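Peer 1:
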Amino acid sequence: MEKSFPQRAKPARPEAPPWPTSELTQEEKHLVSASTRARCLLCPSPRLRPLILLARDNPVSYVYSHDAIFACDDCQGGYAEKRRRDSFDWEEVHDQDEHHPLDAASIAQLRQCLTGCPSPTSELCQC
Ligand SMILES: [Zn+2]
899 MEKSFPQRAK
909 PARPEAPPWP
919 TSELTQEEKH
929 LVSASTRARC
939 LLCPSPRLRP
949 LILLARDNPV
959 SYVYSHDAIF
969 ACDDCQGGYA
979 EKRRRDSFDW
989 EEVHDQDEHH
999 PLDAASIAQL
1009 RQCLTGCPSP
1019 TSELCQC
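Rendered as structure tokens:
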């Protein structure tokens, strides 16, 4: 006799919010300017938008770091950035940055996950 398992309804996944078309806030502009990249990692677009700030240390110091994900307004892909900058010795700047590309599907999935976060570009958000 064959066992039959009850079919479970697949829970509906929340839709990602519509792609933002608004101007960047001052905080978002600051984050984009703190990135080492002036252009998307997947296409030549300069239209970058911070999606989430995971960590940041010393925003106004010579020794600065952040872990953030940026999304591209044109290809809707993006990249994860681990930024480590040490310019304490002003004659020699030490940058140790890492970038990892994220395709449009990954960015869309991340945006879906962030729908409940009130402040994804603040490292202080506790949600
Ligand atoms: Zn792009």
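The numbering used here puts the first residue of the sequence shown at 899, with every later residue one more than the last.
Heads up, the beta-carbon is just placed ideally off N, CA and C, and yes, glycines get one too.
Quick caveat, the model's predicted, so the values are computed rather than measured.
(1) Write down the C-beta distance between Leu940 and Ile967 rounded to the nearest angstrom, noting that I regard them as a contact closer than 8 Å.
(2) Roughly how many whole angstroms lie between the Cα atoms of Tyr960 and Asp987?
(3) Restricting to Cα atoms, I'd like to know which of Cys973, Ile1005, Ala907 and Arg945 is closest to Ser931.
(4) Let me know the beta strand (DSSP E) ranges lying completely inside the segment 913 to 982, each 3 residues or longer, listed in chain order.
(5) Count the CB pairs spanning the segment 1010 to 1025 and the segment 970 to 989 that are closer than 8 Å, and state whether there are at least three.
(6) By how many angstroms is the C-alpha of Ser920 removed from the C-alpha of Arg954?
Peer 2: Taking the structure as given:
(1) Wrong, their Cβ atoms sit about 13 Å apart, outside the cutoff.
(2) 9 Å
(3) Arg945
(4) 946 to 955 and 961 to 970
(5) no
(6) 24 Å
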